[in-house]
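Input: a single structure, listed below in structure tokens.
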Amino acid sequence: MRPAFSVLLLTTLLGVGQGLFFAVYCIQVLEHFEVRVGPAGTLFYPLAAAISLALLVGGLAASFFHLGRPERAWRSAAMWRTSWLSREVIVLPALMGCVFLYGVGHWLGWRARPIALGVDATLAIGAVGTLLCLLLFLCTGMIYACLKFLQEWHTPLTVINYSLFGCASGLMLATAYAAVVEPGLVNYIAAWAAGFTLAALVTRGASLVRNARLKPRSSLQTAIGVKHPRIVQKAQGAMGGSFNTREFFHGASDGFVRSIKWWFLVAVFPVPLALLGLGLAAGAPALLAAAFVVQYLGLLAERWFFFAQANHPQNLYYQQIS
Amino acid sequence: MTQLALVIDLNVCVGCHACVTSCKEWNTSGVAGFLSDDNPYGKDPTGTFFNRVQTFEVGEYPNTQTVHFPKSCLHCEDPPCVPVCPTGASYKRAADGIVLVDYDKCIGCKYCAWACPYGARELDEHQKVMKKCTLCVDRIYDELLPPADRRPACVMACPTSARLFGDVHDPESQVSKAISENGGYALMPEWGTQPANHYLPRRKTEIRVRVEDLERVDNPLKVDGKLPRPRPDEPSLDDVTSW
């Protein structure tokens, strides 16, 4: 598949935004149950919600560049019964609304006024938002995992990777954010950021191993229904390429794809972890910010590889321009 | 239930691309708008087509066969492109099983093209909506046309009658009989899409010459019972009568 930059931005920005919101809400829950992870001031929650919302809006904006007819995007909420894309289109604005209300609630000090049973409105809105976060991870992952003949994607690991990468990058951002806004929380959040990054390393490694062993179920024999071991395409019916040759081939060399794989394996896992450790040891927010930036760039490369690695069976019909 | 479909006889197709040009001519001139072309006479011509004829070489020289392979939307009975569409622009008609795109609802997200293992869908680069074979739905029901012309443009154009059109759910239809009697098959059966379009395989064409075709034999009318044998000295007419 050809990686579309709008989709790379969409999936990575949404992941960071979701992960940041998830991290901040978890801090609030821990505080609510009086687990002492460090005090969070009045600015911590609303500002984090604003950043998370900005990332979600950025992701949504990027998605419009993928559409041929963006002015009709509102129609895409219609088929939620069958389409994961449609479900994502519904869950994303709902999450944005929750994050917005969550930030506003904190800003207006709703936290001091419990509604019932000692639970205030921000805690309740955050719970709904967290549920929507998880649903959005599920929707985003399933958009790819539900396509059964894209065998590289058709695995629960796709959903797991999207979720863990989103949480890891969001927590990385939360670490750098806390270092500036709420230094008391840094060590705690950094530990979770490292934990999610290592978990993502395990699951992404598992999917790399799985995909390396895949045997394509379709072949030229099943594609045209001729049972002969040697079939060669001589013409694909078009001399200058078509939508099929543009959309489904990334056009990069095998060596480039392999180098992207190693680049993202280095940029997503060891480098941010090392920067995280250095940043904590030196107490330098700049290093923690660098850890997030490097990991985010690595995730762009990871997403590029995710698309480039998927080999669409339609490519069997488009091997040769005569 | 009706499931309209094409049956394409690879044994007969000569790869002349008449179906491609006829399809393009009909469908670029219809109410749904043009099928755009870029650089039609330039270096890298490209455009939107519903139907393409591809060519494959099977076997190793000198034992090779050239297979011309027309490919268009297969109108799957379980089309994977339909449920993924977020807007409902892609749909399968219950009445006749044709899979269609509503160009006024399509947002051009290309997800349906990702979900089609056959590469049957092409995004129009100028209208920015997904396009695909409609089985000439604006033609086959047109009562202003004589009944013989109410067939898809590709079927009308095929000079060798390699393309048959009909209801594959009707066991008495020409297409159903062609499938069952000539070993019709579906493409990529491993994905369970149940394509409605079928292909008829290449078949070895042999001329069978029997001895009876060349030489007159006894009792050609298969009359039962032994015929009276003429005595050796009697004249006989064609070994049948004797007097």
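Going down the list, the protein sequences come from chains A and B.
Numbering follows my numbering, in which position 280 of the first sequence is assigned residue number 1418; successive positions increment by one, without gaps.
Numbering follows my numbering, in which position 108 of the second sequence is assigned residue number 153; successive positions increment by one, without gaps.
Note that beta-carbon positions come from the ideal geometry of N, C-alpha and C, so glycine has one too.
Check	Outcome
For the region 1210 to 1237 of chain A, enumerate the residues whose C-beta is nearer than 7 Å to any C-beta of chain B, in chain order.	1210, 1211, 1213, 1214, 1216, 1217, 1220, 1221, 1223, 1224, 1227
Examine chain A for any beta-carbon lying closer than 7 Å to the beta-carbon of residue 85 (chain B), and answer yes or no.	no
Residue 1373 (chain A) CB to nearest chain B CB: under 7 Å?	yes
For residue 252 (chain B), does the count of other Cβ atoms within 10 angstroms reach 16, so buried, or fall short, so exposed?	exposed
Please confirm whether residue 1407 (chain A) and residue 1319 (chain A) have their CB atoms less than 7 Å apart.	no
DSSP beta-bridge partners for residue 244 (chain B)?	B:53, B:230
Quick check: the Cα distance between residue 1356 (chain A) and residue 1254 (chain A), rounded to an integer number of angstroms?	58 Å
When the cut-off is 7 Å and only beta carbons count, does residue 1396 (chain A) lie next to chain B?	no
Does DSSP classify residue 1342 (chain A) as helix, strand or coil?	helix
How long is the line joining the alpha carbons of residue 1334 (chain A) and residue 1149 (chain A), rounded to whole angstroms?	17 Å
Which term fits residue 1382 (chain A), buried or exposed, when burial requires 16 or more other beta carbons within 10 angstroms of its beta carbon?	buried
Provide the residue span of the alpha helix (DSSP H) that contains residue 1301 (chain A), from first to last.	1294 to 1319
Pull up the distance between the alpha-carbon of residue 224 (chain B) and that of residue 261 (chain B), whole angstroms please.	38 Å
Would you say residue 137 (chain B) lies against chain A (beta-carbon separation less than 7 Å)?	no
Could you give the distance in angstroms between the alpha-carbon of residue 1325 (chain A) and the alpha-carbon of residue 1304 (chain A)?	20 Å
Which residues, in chain order, does the region 130 to 156 of chain B contribute to contact with chain A at a C-beta distance below 8 Å?	130, 131, 132, 133, 134, 150, 151, 152, 153, 154, 155, 156
Mind the definition here: the region 1449 to 1456 of chain A touches the region 159 to 178 of chain B only if three or more C-beta pairs lie below 8 Å; say whether that holds.	yes
Closest to residue 1403 (chain A) by C-alpha separation, out of A:1386, A:1439, A:1414, would be which residue?	A:1439
Which chain B residues are close to residue 1451 (chain A), counting only those with a beta carbon under 7 Å from its beta carbon?	162, 233
Taking the alpha carbon of residue 1488 (chain A) as the reference point, which residue from A:1299, A:1284, A:1151 has its own alpha carbon closest?	No statement about residue 1488 (chain A) is possible, as the shown extent of chain A runs from 1139 to 1460 and does not include it.
My guess is that residue 1342 (chain A) and residue 1299 (chain A) are in contact by the Cβ rule of under 8 Å, so how many angstroms apart are they, rounded?	5 Å
Quick check on DSSP: helix, strand or coil for residue 113 (chain B)?	strand
For the alpha helix (DSSP H) that residue 1453 (chain A) lies in, which residues bound it at each end?	It is not in any alpha helix (DSSP H) - residue 1453 (chain A) carries neither H nor E in the DSSP assignment.
Going along the chain, which residues of its own chain have a beta-carbon closer than 7 Å to the beta-carbon of residue 69 (chain B), five neighbours each way excluded?	80, 94
Using Cβ-Cβ distances below 7 Å, what residues of the region 1349 to 1376 of chain A are close to chain B?	1355, 1356, 1360, 1361, 1362, 1363, 1364, 1366, 1368, 1369, 1370, 1371, 1372, 1373, 1374, 1375, 1376
Can you give the Cα-Cα distance for residue 1454 (chain A) and residue 1424 (chain A), rounded to whole angstroms?	49 Å
Report the rounded CA-to-CA distance for residue 136 (chain B) versus residue 1208 (chain A), giving the unit in angstroms.	20 Å
Enumerate in chain order the residues of its own chain whose CB-to-CB distance from residue 1239 (chain A) is below 6 Å, with the five nearest sequence positions on each side excluded.	1263
Determine the chain A residues that contact residue 104 (chain B) at a beta-carbon separation under 8 Å, and present them in chain order.	1366, 1368
What in chain B is Cβ-close to residue 1379 (chain A), meaning under 7 Å?	89, 91
Can you confirm whether residue 66 (chain B), when its beta carbon is compared against all beta carbons of chain A, has any partner nearer than 7 Å?	no
I'd like to know whether the C-beta of residue 168 (chain B) is nearer than 7 Å to at least one C-beta of chain A.	yes
Could you check whether the region 178 to 185 of chain B touches the region 193 to 202 of chain B, counting it as contact only if at least three pairs of C-beta atoms, one from each stretch, sit closer than 8 Å?	yes
Are there three or more Cβ pairs, one per stretch, closer than 8 Å when the region 118 to 131 of chain B is compared with the region 1218 to 1225 of chain A?	yes
Taking 7 Å as the threshold (beta carbon to beta carbon), is residue 128 (chain B) in contact with chain A?	yes
Select from A:1185, A:1142, A:1417 the residue whose C-alpha is nearest the C-alpha of residue 1241 (chain A).	A:1185
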